[in-house]
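Structure first, then comments.
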Amino acid sequence: QMQGACGLITFYFKPASLQAIEQFCESLQHIMMAVSWAGHESLIIPKCAGIASADFDVNNRDHRMMRLYVGLEDADYLIKDLGQALEKI
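For the sequence shown, the working numbering gives the first residue as 264, with consecutive numbering after it.
This is how it looks when you write it as structure tokens:
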């Protein structure tokens, strides 16, 4: 019945600025920016989404944290989406 599984990944991004994080997230075509970890679709949320831009500190590791919920989509499909978004920053 079930093929594959979902998972939650936390990683730290090393951007040049808050704008780079925004550009990365907005460039994703198949991974939505949202908070929910129980569905079948892949989602991403940067920790800085809850931080005022005036308070963002590129040197603060917590401000660069990204949470990626990997859904049931094909791995290559998601890897390509992440890759094309990374190329834009």
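Built from N, CA and C at the ideal position, the CB exists for glycine as well.
Excluding five sequence positions before and after Arg330, the CB atoms of its chain that fall closer than 6 Å to its own CB belong to Thr273, Ile308, given in chain order. Leu331 has Ile272, Ile307 as its beta-bridge partners, per DSSP.
Straight through space, the alpha carbons of Ser305 and Ala297 are spaced by roughly 9 Å. Phe287 and Leu349 do touch by the CB rule: their CB atoms are close to 7 Å apart, below 8 Å. Counting the other Cβ atoms within 10 Å of the Cβ of His303 gives fewer than 16, which makes it exposed.
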